[in-house]
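Engineer: Questions regarding the structure given below will be posed in turn.
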Amino acid sequence: MMRETFPSAAGRAAAHCDALLKRRAAPRELGHDFELFGERLAGALRQVLSARQVRSLGASPLAASELAERCGPLAASSVHTFGPDDRAMLLSLDGRALLAQLDRAFGGSGALGDTLPAELPLSADLLAQRLEKQAMAAVAGELAGIELRPGRRGPNVAQLAPFEPATALTVLELEVTDDSEAPWRIVLAAETEALPLLLPRSAATHPHSGPKRKAGAGDAPFADLPLTASATLVDMTVPLHRFAGLAPGDVLPIMVARSVPLRIGETTLARGTVGEVDKQVALQITQCSLGKDTQ
Numbered sequence: 039m040m041r042e043t044f045p046s047a048a049g050r051a052a053a054h055c056d057a058l059l060k061r062r063a064a065p066r067e068l069g070h071d072f073e074l075f076g077e078r079l080a081g082a083l084r085q086v087l088s089a090r091q092v093r094s095l096g097a098s099p100l101a102a103s104e105l106a107e108r109c110g111p112l113a114a115s116s117v118h119t120f121g122p123d124d125r126a127m128l129l130s131l132d133g134r135a136l137l138a139q140l141d142r143a144f145g146g147s148g149a150l151g152d153t154l155p156a157e158l159p160l161s162a163d164l165l166a167q168r169l170e171k172q173a174m175a176a177v178a179g180e181l182a183g184i185e186l187r188p189g190r191r192g193p194n195v196a197q198l199a200p201f202e203p204a205t206a207l208t209v210l211e212l213e214v215t216d217d218s219e220a221p222w223r224i225v226l227a228a229e230t231e232a233l234p235l236l237l238p239r240s241a242a243t244h245p246h247s248g249p250k251r252k253a254g255a256g257d258a259p260f261a262d263l264p265l266t267a268s269a270t271l272v273d274m275t276v277p278l279h280r281f282a283g284l285a286p287g288d289v290l291p292i293m294v295a296r297s298v299p300l301r302i303g304e305t306t307l308a309r310g311t312v313g314e315v316d317k318q319v320a321l322q323i324t325q326c327s328l329g330k331d332t333q
């Protein structure tokens, strides 16, 4: 049997230039990652809110001056900070849905009229605080390693003013379906330029915008992968009694295979004939299972 081990790659010291180490995805490129985070968050919220369904409506850019309109006239909103410079994240819960949940808790139908109060009553605000804690626990769970610090709360996003009016935001909306008369929304907003702080691993490993290409057998890190190949020259059957009587000087007639299989493990890659090159036994490939016959 011929056996050859392909040479392994020599150890290489990793050399990282500053440009590679400092390369980070632009904040706008992380919008898709924020959407993926939203899809994971929807699954987590479905569990903590005991809702029939929670689905992400996607992430979208928004100016901070338009945030109050997006959250609605009555909402339970809270500001949470993160990062070394206390960047803000806003969580907003639909106020109408909170009032409907409270009404059902006291035996009502949950149906509300067209007129809503300017602020949530104390009982509804207490319900909102409980839901906020559950929601932010789910957010923190999906942003592992990010510390979210609770801050101000209020029913009016405009009064809270967590962002400067001209600040570019990325807003994630989630739709909750439960026992309410209609689905209701949860809004999560953060500064677009702060997304790398929320998604540090995505920011550090975000692919460049160039065309993607799968690495082939001739490319790193596969090219120098050592593989052990075997070529079986003789495959013959010998009775047990013949082996039992073997002694030095005995001659066993053998016939070298005309088509010698070249294998890696149990996989036959090619077949060939035995010859000689530079006074060494060699195998001339005549058939290759990875490509066309070379004969």
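Numbering (the working numbering), first residue to last: 39 to 333. The C-beta atom is built at its ideal place from N, Cα and C for all residues, glycine as well.
#1: Taking buried to mean at least 16 other C-beta atoms within 10 Å of its own C-beta, is R61 buried or exposed?
#2: Please report the Cβ distance between L95 and L212, rounded to the nearest whole angstrom; I am assuming they are in contact, meaning their Cβ atoms lie under 8 Å.
#3: Can you tell me where the beta strand (DSSP E) holding A101 begins and where it ends?
#4: Can you find the residues in the same chain that come closer than 8 Å, C-beta to C-beta, to A173, ignoring five residues on each side of it along the sequence?
#5: For S218, is the classification buried or exposed, using 16 other Cβ atoms within 10 angstroms of its Cβ as the cut-off for buried?
#6: So, at 7 Å on beta carbons, what are the nonlocal neighbours of T205 in its own chain, with the 5 sequence-adjacent residues on each side left out?
#7: Name the DSSP bridge partner or partners of V146?
#8: Nearest to F144 by CA position, among E73, G133, L165, is which residue?
#9: From this set, D163, E231, V289, which residue's C-alpha is nearest N194's C-alpha?
#10: Compute the beta-carbon to beta-carbon distance between L210 and F120, rounded to the nearest angstrom, for a pair I have assumed lies under 8 Å.
#11: Count the other C-beta atoms from every protein chain shown that fall within 10 angstroms of the C-beta of P200, then say buried if there are 16 or more, exposed otherwise.
#12: Determine the direct distance from the alpha carbon of L150 to that of L198, and round the result to whole angstroms.
#13: Determine the direct distance from the alpha carbon of L265 to that of A47, and round the result to whole angstroms.
#14: Tell me the DSSP bridge mates of S116?
#15: Which residues does DSSP pair with I302 in a beta bridge?
#16: Starting from S268, follow the beta strand (DSSP E) in both directions and report where the run begins and ends.
#17: Going by C-alpha distance, which of A138, A295, L321 is nearest M274?
#18: Less than 7 Å between the C-beta atoms of R30 and T215, yes or no?
#19: Is the distance from the Cβ of A106 to the Cβ of A232 below 7 Å?
#20: Please list, in chain order, all residues of the same chain as A175 whose beta carbon is under 6 Å from its beta carbon, the five residues on each side excluded.
#21: Candidates P291, G133, A308: which alpha carbon is nearest T153's?
#22: Terminal residues of the continuous alpha helix (DSSP H) containing L160?
#23: With distances taken from CA atoms, which of P159, H118, A138, E170 is nearest P188?
#24: For S327, is the classification buried or exposed, using 16 other Cβ atoms within 10 angstroms of its Cβ as the cut-off for buried?
#25: Would you mind stating whether A267 and I302 have Cβ atoms separated by less than 7 Å?
#26: If you drop the 5 nearest sequence neighbours on each side, which residues of the same chain put their C-beta closer than 8 Å to that of I292?
#27: Counting only the same chain and skipping the five closest in sequence on each side, list residues whose C-beta sits under 8 Å from that of D124.
#28: At what residues does the beta strand (DSSP E) containing R223 begin and finish?
#29: Where does A241 sit, in a helix, a strand or coil, going by DSSP?
#30: Between H279 and the rest of its own chain, which residues show a CB-CB distance below 8 Å, the 5 nearest in sequence each way excluded?
Structural biologist: Judging by the given coordinates:
#1: The predicted model places R61 with a pLDDT of 40, which falls under 50 and marks its position as unreliable; any figure quoted below should be read in that light. Per the 10 Å Cβ criterion, exposed.
#2: Confirmed, about 7 Å.
#3: Looking at the DSSP string, the run of the beta strand (DSSP E) that includes A101 is 91-101.
#4: Only L83, V86, L87, L129, L131, I224 meet the Cβ criterion.
#5: Residue burial annotation: S218 is buried, with at least 16 other C-beta atoms found within 10 angstroms of its C-beta.
#6: A102, E229.
#7: Per the sequence presented here, residue 146 reads as Gly, with Val not at that position. Beta-bridge pairing links G146 to no other residue.
#8: When only C-alpha atoms are compared, the closest one is L165.
#9: When only C-alpha atoms are compared, the closest one is D163.
#10: In this structure L210 does not touch F120 by the C-beta definition: roughly 15 Å separates them, more than the 8 Å allowed.
#11: Label assigned to P200: buried.
#12: In a straight line, the C-alpha of L198 is about 26 Å away from that of L150.
#13: For A47, the pLDDT reaches just 40, beneath the cut-off of 50, and the residue's location in the model is therefore unreliable, although a value from the coordinates is still provided. Whole-angstrom Cα-Cα distance: 11 Å.
#14: According to DSSP, which records beta bridges pairwise, S116 is partnered with L129, R191.
#15: Bridge partners of I302: T305.
#16: Segment 266-269, the beta strand (DSSP E) holding S268.
#17: Minimum Cα distance to M274 is reached at A295.
#18: Missing from the structure shown is residue 30; the chain here goes from 39 to 333 and no further.
#19: Contact: no.
#20: Excluding sequence neighbours, A175 sits near nothing in its chain.
#21: Selected option, being the one with the closest Cα: G133.
#22: Where L160 is concerned, the enclosing alpha helix (DSSP H) stretches over 160-180.
#23: Considering only alpha carbons, the answer is H118.
#24: Flag for S327 reads exposed.
#25: Against a cut-off of 7 Å, the Cβ pair of I302 and A267 comes out as a contact.
#26: Closer than 8 Å at the Cβ level, and outside the excluded window around I292, lie V272, M274.
#27: Annotation for D124: R187 place their beta carbon closer than 8 Å to its own, counting only its chain and skipping 5 residues before and after.
#28: 222-229 is the span of the beta strand (DSSP E), which, as asked, contains R223.
#29: With a pLDDT of 49 at A241, under the threshold of 50, the modelled position of this residue cannot be trusted, and the question is left open.
#30: Closer than 8 Å at the Cβ level, and outside the excluded window around H279, lies no residue.
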